[in-house]
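J.: To start, I am sharing the structure in question, which I have written as C-alpha cells.
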Amino acid sequence: MSALVKIRDLRVEATTDIGRRVEIIKGVSLDIAGGEVVALIGESGSGKTTIAMTLLGYARPGLKISGGAVLVDGVDMVTLPENKRARLRGAKVAYVPQSAAAAFNPAMTIMDQVIEVTRIHNLMSPADARAKAVNLFKALSLPEPEQIGARYPHQVSGGQLQRLAAAMALIGDPKVVIFDEPTTALDVTTQVEVLRAFKAVTRKQGVACVYVSHDLAVVAQIADRIVVLRGGEVQESGTIREILEAPRHPYTRELLGAFTPKIHAHAPQSDAAGRQPLLLVEQLTAGYGPGGRHVKAVEAISLRVERGSNLGIIGESGCGKSTLARAIAGILAGYDGNITFNGRELGRTIKNRTRDELRQIQIVFQHADTALNPAKSVEEILGRPLTFYHGMKGKARDARVDELLDLVHLPRAVRHRLPGELSGGQKQRVNFARALAAEPTLILCDEITSALDTVVAAAVIDLLKELQRELSLSYIFISHDLSVVEAICDEIIVMYRGRKVEEITPAHVKAPEHPYTQLLFSSVPKLDPNWLDTLRQDPDQVRAYALR
Amino acid sequence: MNVRTQIPSLVMSRLLIAAITLVIVSFAVFFATALLPGDTATILLGQSATPEAIEGLRASMHLNDPAIIRFLKWIAGLFHGDFGTSYANNMPVASLIGGRFINTMKLAGLTAAISVPLALSLGITAAMWRGTLYDRLVTVATIGVISVPEFMIATLAVLLFAVYLKWLPALSFTSEIKSFSDVLRAYAMPVVTLTFGVSAQMIRMSRAAVAETLDTPYVEMALLKGASKPRLVLRHALPNALGPIANAVALSLSYLLGGVIIVETIFNYPGIAKLMVDAVSTRDLPLIQTCAMIFCLGYLLLTTMADIVAIMSNPRLT
Amino acid sequence: MTRASASSPVSGWFGYRINPVGLFGLAVVVFWAVVALLAPRFIPHSVGEIVDTDYFGPISRELWFGSDYLGRDMFSRIMMGARYTVGISLVAVILAGFSGIVLGMIAAVSGGWVDTILSRFLDALNSIPSKLFGLVVVAAVGSSIPVLIVTLSIIYTPGAFRFARALSVNINAMDFIVVARIRGESLLYLIRAEILPNILGPVLADLGLRFVFIVLLLSGLSFLGLGVQPPYADWGALVRENIGGLPFAAPAVILPSLAIASLTISVNLLIDNLPRKIRDRSSGS
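Protein chains in written order, with the numbering used here: chain A, 1 to 548; chain B, 549 to 866; chain C, 867 to 1151.
Okay, structure coming up:
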C-alpha cells in the first residue's frame, strides 16, 4: 500500500540573525497512510512544527527547505512552484494552528473565514459552503452552531476558537490535516471535549492527521502511530502500544519517565501536633482595582502551611491562584483578611512589612526570561540579594554565589553569562538560586514549570525536593498541572473562580469529593490509549464547571 | 465595562485632552510673545514721542494691567473675532490674515490632493513587495528626502526646473494668474517641494503599517489556506491597516505646517506662514499671536483626528 | 542543540558583526566632528577675508568650494560653519536626551500622578509645531547661541521623554522589577541598576535620530534668519546669505545644503547599521 504522505531525508536550514546558517532538521523520513493519525512528539526545539509545515510546502521566514522530498499524494511539495503549492494548501493539506486566537482575522466574521478556503479554491457555492460549515460546527459540538458564524473572533472563547479552526481546516475536504499543539493553550477540562470532537470528526471523514504535541498523554488518546523527535532527528517511531509498552530509544524512555506520575511520599513530622504553622491565611479576599477591592479574584480563602511541608494550589486559568500568591508575597495593593507568618501578622503591602519578613518569603515566577534582568550577568543577579540582605561583599560574596550555583546544579562558569545565553531550564534554576540567596523559609512557586519542557520540568521538581531536604524549606506550589503538584506536595488545595473548593492529600486524589475537583482530576489525560474513549464525565458537572 | 460604550468615552477623553492642550498652548503663545523686547507703546509712537504720550497710550491700550487680565481679554477677543490690530500695518489683523490664510490653504490642499494618493500607493506596494529592489529603492529615496532640510529640496527643485530645464519660474507670481498654465507655473514649485516632504513621511509610515499587518499570524494562516498575494493584502492586511494608515496620513499632513514656513519664504508665496515670518522680524505682536494660534490649532486638529481614527478603527471596540 | 553545517563565514571583529554601510556613515560623522573641532587650524583663508574679485565664483583649484556673494572663500566658511551646526546640535541633543531619559524613567517607575503630570505637560509641549516654537521663542528672546541651544533642547525633550518612558514602562512591567521591589529596593536603584541598562541601547539610537531633527530645525531657523546671526554662520545661514546665487547655480548656495545632507544621512545610516554583537548560546542544558 502506497503511503499518502512520504517524507524522505528532509533537511531544513535556519538563518540566524547574524547570517549563520544552521541545519535544524537533519534528514527526517517518515510515512503516513491515508486515514492514519500520526503524532510528532518532542520537546520545544525538536523541529516538529517545522516538519509538519513542510507538508504545506511552507517554511517560516528565516527557514529554508534545503534538501529531501515531501510527497503528498504523489506530488513533491518541495520542488513545486509557489503558485501550485497555493492550490494544494487548504484543499489537499490543511493546517490547524497552535494559537487559534491569533490565527483568526479580528476584522472578519468567523463564517467568512471558515468558508474562505472554498472561495479561494472555488470548491462550492457560498450558500453550500455555509451549510457545510454549520454541519461541521454541529459535529464539533460547538454551541449555537447556526449563529456562531456571525460572530467576530474576540467574541468567542478559546476552546471554541480551536474547534472553529478545525472546521476551517476540514471544510475543504483535505486528505491530510495538521494539528499543531491544538490543545496546549486550553484548560484541562475544556481539552477533553475538544479532543473528543477532533477524534470523532476526523475518524468519520477518514482524514489522515499529523498531530504535533509535546504531551504524550494527550497524544496517546488520538494517535495510531508515534514518531519521537529530538534536535531535528527521528529518535524512534512505532505504534502507540509499542512506544508506551516497549520503548527502545533511551530518549523515549526518558520522555515516558517524565510523564509517569509520581506521588509524593509525605514525610510525617515527628512533633507536628501543637506546633505553630509556618503560614496561616485566614479569610483572605483580594482583587484588583483601587485598594485591591474592585474586581475580586480571591474570596475568603483560608489555608495553612506547616514547617517543612509543601502546599499545592491547583486550579485552571482565572481561578485566582496567582492573585493569592501575590497577596501572600505582599505585591498586591491590599487585601482583606489576615496572613500570619511565624506567629506574626504580616502587613498588607511591601511598605508595611519588615525587611526580614520580606526576605523570608520569596517568590519564583513562571517566565524566567522576564524574571531575570537581561542586561545583568548571573553573577550580578545572584550577588545583589546577597549584598542587600546580608551585606556580603567581595570574596565572601563570590564564594556564596558559587555555593548557590552548586546548590541548583549549575556549572560555575555560568556566572559570567547573561540570561539570554541560557536555556529555559538553566534560567529557571538561576531564578531559584536568586530566591535561595535570601535564605528564606517559604518559597512561593508560581507556575514555575509551566513554561518548561516536561523532561526539564521533571528535573526542576527533583531539584526542589532535594533543596527542601537540605535547607528545610517549605513551598507553596501553584500550578494548573496536577501531576506536577502531586509529585511534590503534601497537601493540595483546589481553587475555582476565586474560592477554595476542596482540600486534599495526594493519597485521596483518587477519590475527591467536590464535583469540580472530580471533574478536574478526571480530565487529566493518562498514558492509557483507551482513557479518552472510556472516560465518563457527569454531563451536569461538565455543564456547570467547564468553560465551553 | 460594556464594550460598546468604550469608543464614545475614549473619543470624548481625547477631545478633552485636546481642549486642555489648547488652553496650555494659548498660554504659552501669549506669554512667549509678551516677552518680546521693546515697549509696545514706544514702538507704535516712535522714538520721538513724549513720555506723557507714551503713558497715555499705554493706559488706553491697557498695557499696565496685570498679565493675566491681558491674557483673558485676549482670549475673549479671539472668541469675538477680534484679533487685535497689527502694529506694522495699523490694520485689523483679521483682514490681513483672511486672504493669506486662503492662499496657504490652497497650497496645502493641492499638496494633500497629490501626495496622499501618491504616497499611499507607493507605501502599500513597497510593503507588499518587501525586500525586493523596488522596496529598497523606495525606502532609500524616502529616507533621503526625510533626512534633508526642506530648503534643500526647494533649492534643488529650483535648480532643476527653473535654472537647467527652464520650465518654470523660480518665484511664484500669484497676482498675474490669467490662464491654467499660469496657475501651473505659479504653484508648481512650492507644491512639488511640499509634496516631496509630505509624501516621504507618509510612505514611510504607511509602509510600516502594512508591513506590520502582513507579519501577523492571521495573514500567515490565510497564506496556509492557499490565498494569493493580492488576496492577502486586500482582504486581510489592508482592512486591519486602515486605522494606522489614516493615522499616518493625518500625522504626515501635520508636517505641512512646518514645511509651508520654509516654502512660502523661499518662493515668496503670499501665504499666512510668510506673513508670520515677516511679523516676527517686525515684532508685530498681535499678528504673531494670531498666526501662531492658527498654526497650533491646525496641528492639534490633525493630531487629535489621527488619534480618534486610531481609536475608532480598533475592531475589538466595535 | 543545533550545530553549524555548511554556512557563510561569520564576519566579526572582536565578536561584533560590522556592516560596511554603517562604517561609511561612521566615517562621515567622525569626519565632520573632527572638522568641527579643528577647523580654525586648517582653513586656508580667514572666514571674513575677501579672496575673489568675482562673487559666486565657481569651483577652482584655489577655491575648492567657490566663492560666496561677497567673494569670500566658501570652503573656509563651510568648515567653520560645521562648528556651529554640529556643536549647537550636539549640545542640544545631549541636554534633551538627558532630561527626556531621566524624566521618562521616573515617570514610568513612579506611575500615578507623577507620571500623569509629566506626560500631560510634555505632551502639551509637543503639541506646538517645532518650527513655530523655535520662531516665536527666538523672536522673543533673541538668537544668541545659548538661547538656541536651550530652545532646541526644550523642543525635543518631549520626544525623548516619550520614547524613554515607553521603553521603561515595558521594562517596569517585567517580573524582575517586581522581584526588586519586593526586596525593598529604592526608586533610585530601580532606575539606575535595573531599568537604565536595558533601555540604553535603543535610547541612544533614538538620540541619534533626534540629533538629525535638531540639525534640520537649526538649519531651517538659520535659513529664515532666526538662527545663528552674522558675522557667525552655520550651514543654514550660509544658504540664506547666498540664496541670490540660485539662478546662477552657484556652488555657494548648493554646497552648504549638501554638507547638511551628508551629516544627516550619515547619522541615519550609522544608526540603521550599528554593529550587532554575535552571541553564541551555551550548548547543553
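We put the beta carbon where it would ideally sit given N, CA and C, even for glycine.
1. What residues of chain B sit near C/F922, judged by a beta carbon separation below 7 Å?
2. Mapping the DSSP letters down to three states, classify C/Q1095 as helix, strand or coil.
3. What are the boundary residues of the alpha helix (DSSP H) that A/R359 is part of?
4. What does B/F699 reach in chain C if we use C-beta pairs closer than 8 Å?
5. Under 8 Å between C-beta atoms, does B/N550 make it to chain A?
6. For the stretch 346-406 of chain A, which segments carrying the beta strand (DSSP E) assignment without a break, of at least 3 residues, lie completely within its bounds, in sequence order?
7. Just confirm the distance between the C-beta atoms of C/S859 and C/G963, as a whole number of angstroms; I'd bet it's less than 8 Å.
8. Is A/P411 helix, strand or coil by DSSP?
9. Using 8 Å as the cut-off, can you tell me whether the stretch 847-861 of chain B makes contact with the stretch 789-802 of chain B, which would need three or more C-beta pairs spanning the two stretches below that distance?
10. List the residues of chain A whose Cβ lies closer than 8 Å to the Cβ of C/P1063, in chain order.
11. Starting from A/E233, trace the beta strand (DSSP E) in both directions and tell me its first and last residue.
12. Assuming C/N1108 contacts C/A1118 (C-beta within less than 8 Å), just tell me the rounded distance between them.
13. What are the boundary residues of the alpha helix (DSSP H) that includes C/V894?
14. Closer than 8 Å, Cβ to Cβ, to anything on chain A: give me those residues from the stretch 1022-1041 of chain C, in chain order.
15. So if DSSP puts A/L229 in a beta bridge, which residue, or which two residues, is it bridged to?
16. Helix, strand or coil for C/S877, going by three-state DSSP, please let me know.
17. Just to check my reading of the structure: A/L284 and A/Y335 have Cβ atoms closer than 8 Å, yes? What is that Cβ distance to the nearest angstrom?
18. How about B/V828 and B/I836: do their beta carbons lie closer than 8 Å?
19. In the DSSP assignment, what residue or residues form a beta bridge with A/K296?
20. Take A/T441 as the anchor and find which of A/G257, A/N310 and A/A368 has the nearest alpha-carbon.
21. Can you find a CB in chain A that lies within less than 8 Å of the CB of B/H784?
22. Name the one or two DSSP bridge partners that A/V212 has.
23. Out of curiosity, what's the CA-to-CA distance linking A/I51 and B/L708?
24. Does any residue of chain A have a CB that is nearer than 8 Å to the CB of B/S776?
25. Among the residues of its own chain, which have a CB less than 7 Å from the CB of B/Y803, if the five just before and after it don't count?
26. Residues of chain B with a CB under 8 Å from the CB of A/E116: which are they?
27. In whole angstroms, what is the alpha-carbon distance linking A/V176 and A/P153?
28. Against chain A, does C/E1060 count as a neighbour if the rule is that its beta carbon must be under 8 Å from one of theirs?
29. Count the other C-beta atoms from every protein chain shown that fall within 10 angstroms of the C-beta of C/L929, then say buried if there are 16 or more, exposed otherwise.
30. Could you check which residue in C/R1047, C/D981, C/S996 and C/A1030 has the C-alpha nearest to that of C/L1087?
31. Here's a check: name, in chain order, each residue in its chain whose Cβ is nearer than 6 Å to the Cβ of A/A91, leaving out the five neighbours to either side.
32. Counting only beta-carbon atoms, is C/T1130 nearer than 8 Å to chain B?
33. Can you list the residues of chain B that A/R21 reaches, using a CB-CB cut of under 7 Å?
34. Using a cut-off of 7 Å between C-beta atoms, extract the partners of B/T813 located in chain C.
35. For C/V1045, return the contacting residues in chain A, with the cut-off set at a CB-CB distance below 7 Å.
36. Within the 8 Å Cβ cut-off, does A/P61 reach chain C?
T.: So, from the data block:
1. As a working mapping, residue 922 of chain C is identified with position 56 in the third sequence. Simply none; closest approach about 13 Å.
2. If you number the third sequence from 1, residue 1095 of chain C lands on position 229. In this structure, C/Q1095 counts as coil in the three-state DSSP scheme.
3. Walking along the first sequence from the start, residue 359 of chain A turns up at place 359. Counting along the chain, the unbroken alpha helix (DSSP H) around A/R359 starts and ends at R355 to Q360.
4. Taking the second sequence and counting its residues from 1, the one referred to as residue 699 of chain B is at position 151. Under the 8 Å cutoff, chain C gives S1085, G1086, F1089, G1102, V1105 and S1123.
5. Walking along the second sequence from the start, residue 550 of chain B turns up at place 2. With a pLDDT of 44 at B/N550, under the threshold of 50, the modelled position of this residue cannot be trusted; read the value that follows with caution. Contacts with chain A at 8 Å (Cβ-Cβ) do not include B/N550.
6. Given a length threshold of 3 residues, each whole run of the beta strand (DSSP E) inside the stretch 346-406 of chain A is given here in chain order: 361-364.
7. Limits of chain C in this structure are 867 at one end and 1151 at the other, which puts residue 859 of chain C out of reach.
8. Locating residue 411 of chain A in the first sequence gives position 411, where the first residue counts as 1. Shown here, A/P411 sits in coil according to DSSP, grouped into three states, outside any helix or strand.
9. Touching, per the Cβ criterion.
10. Along the third sequence, read from residue 1 onward, the residue named residue 1063 of chain C stands at position 197. From the beta-carbon of C/P1063, the residues of chain A found nearer than 8 Å are N373, A375 and K376.
11. Locating residue 233 of chain A in the first sequence gives position 233, counting from the first residue. Counting along the chain, the beta strand (DSSP E) containing A/E233 begins and ends at E233 to T239.
12. If you number the third sequence from 1, residue 1108 of chain C lands on position 242. If you number the third sequence from 1, residue 1118 of chain C lands on position 252. About 4 Å separates the Cβ atoms of C/N1108 and C/A1118, confirming a contact at the 8 Å cut-off.
13. Within the third sequence, residue 894 of chain C is the residue found at index 28, counting from 1. Here the alpha helix (DSSP H) through C/V894 covers P886 to F908.
14. Those residues of the stretch 1022-1041 of chain C that come within reach of chain A (Cβ to Cβ, closer than 8 Å) are M1040 and D1041.
15. The count along the first sequence starts at 1 and reaches residue 229 of chain A at position 229. Beta-bridge pairing links A/L229 to A/V234.
16. In the third sequence, the residue the question calls residue 877 of chain C occupies position 11. Low per-residue confidence applies at C/S877: pLDDT is 49, beneath 50, and the placement is therefore not dependable enough to give any value.
17. Here residue 284 of chain A is taken as the residue at index 284 of the first sequence, counted from 1. Here residue 335 of chain A is taken as the residue at index 335 of the first sequence, counted from 1. Separation of the CB atoms of A/L284 and A/Y335 is rounded to 6 Å, and the pair is thereby assigned contact status at 8 Å.
18. Here residue 828 of chain B refers to the residue found at position 280 when the second sequence is read from its first residue. Here residue 836 of chain B refers to the residue found at position 288 when the second sequence is read from its first residue. Contact: yes.
19. For the purposes of this step, residue 296 of chain A is taken as the residue at position 296 of the first sequence. For A/K296, the pairing in a beta bridge is given by DSSP as A/G287.
20. For the purposes of this step, residue 441 of chain A is identified with residue 441 of the first sequence, where counting begins at 1. Per the Cα distances, A/N310.
21. As a working note, residue 784 of chain B is residue 236 in the second sequence. Output row for B/H784: interface = yes.
22. Mapped onto the first sequence, residue 212 of chain A falls at position 212. Per DSSP, A/L40 and A/D180.
23. Locating residue 51 of chain A in the first sequence gives position 51, where the first residue counts as 1. Locating residue 708 of chain B in the second sequence gives position 160, where the first residue counts as 1. One C-alpha to the other measures close to 57 Å.
24. Sequence index remark: in the second sequence, residue 776 of chain B carries index 228 (1-based). Put simply, the CB of B/S776 is near chain A, with a gap under 8 Å to one of its CB atoms.
25. Position 255 of the second sequence, counted from the first residue, corresponds to residue 803 of chain B. Excluding sequence neighbours, B/Y803 sits near G745, V746 and Q749.
26. One-based indexing of the first sequence puts residue 116 of chain A at position 116. The contacting residues are A770, K773 and A775.
27. Here residue 176 of chain A is taken as the residue at index 176 of the first sequence, counted from 1. Here residue 153 of chain A is taken as the residue at index 153 of the first sequence, counted from 1. One Cα belongs to A/V176, the other to A/P153, and the distance between them is close to 25 Å.
28. Looking up residue 1060 of chain C in the third sequence gives position 194. With 8 Å as the cut-off, C/E1060 counts as an interface residue toward chain A.
29. Translated into positions along the third sequence, residue 929 of chain C becomes position 63. By the Cβ neighbour-count rule, C/L929 is buried, with 16 or more other Cβ atoms within 10 Å of its own.
30. Residue numbering aside, residue 1087 of chain C sits at position 221 when the third sequence is read from its first letter. With distances taken between Cα atoms, C/L1087 lies closest to C/S996.
31. Counting from one through the first sequence, the residue named residue 91 of chain A turns up at place 91. These residues qualify, in order along the chain: H121 and G172.
32. As a first step, residue 1130 of chain C is located in the third sequence; it is residue number 264 there, counting from the start. C/T1130 counts as touching chain B.
33. The residue you call residue 21 of chain A lines up with position 21 of the first sequence. The contacting residues do not exist; A/R21 stays about 18 Å from chain B at best.
34. Here residue 813 of chain B refers to the residue found at position 265 when the second sequence is read from its first residue. Here the neighbours are L1090.
35. Numbered from 1 along the third sequence, position 179 holds the residue referred to as residue 1045 of chain C. A371, listed in chain order.
36. Position 61 of the first sequence, counted from the start, is the residue given in the question as residue 61 of chain A. For A/P61, the answer is no, since every Cβ of chain C falls outside 8 Å of its Cβ.
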